[in-house]
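Let me begin by presenting the structure, written as structure tokens, before commenting on it.
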Amino acid sequence: MTTRRSFLKIGAAGALLLAAGGAAYRLTHPPAAPTAFVLDGEAGAVLAAIVPAMLGPVLPARSFDRYSVSMR
């Protein structure tokens, strides 16, 4: 019969094994160099429509200012 103590030990050993595996993977497969994230025209238009709808009252009143805030 599995006791509470053995269940906790197995869980801790599994967590350590998972962490060690993740560390080994990260050491052998380093992340790629970060690149700039740029929205294409269609995604920018969608974002320009969604931002005022979600953040309407907290955005500047003038439309030029709204666009500059949403596209930063």
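The sequence shown runs 411 to 482 under the numbering used here. We put the beta carbon where it would ideally sit given N, CA and C, even for glycine. Because the structure is a prediction, the values reported are computed rather than measured.
Nonlocal neighbours in the same chain, by C-beta distance under 6 Å from residue i, ignoring five residues either side
i, result
"residue 455", "none"
Residue i, enclosing alpha helix (DSSP H) - first and last residue
i, result
"residue 442", "Note, residue 442: premise wrong, no alpha helix (DSSP H); not H, not E."
"residue 462", "451-465"
"residue 438", "414-438"
Sequence-distant residues of the same chain with beta carbon closer than 7 Å to residue i, five excluded per side
i, result
"residue 467", "none"
Contacting residues, own chain, Cβ-Cβ under 8 Å from residue i (five flanking each side not counted)
i, result
"residue 417", "none"
Exposure of residue i, with buried meaning 16 or more beta-carbon neighbours within 10 Å
i, result
"residue 464", "exposed"
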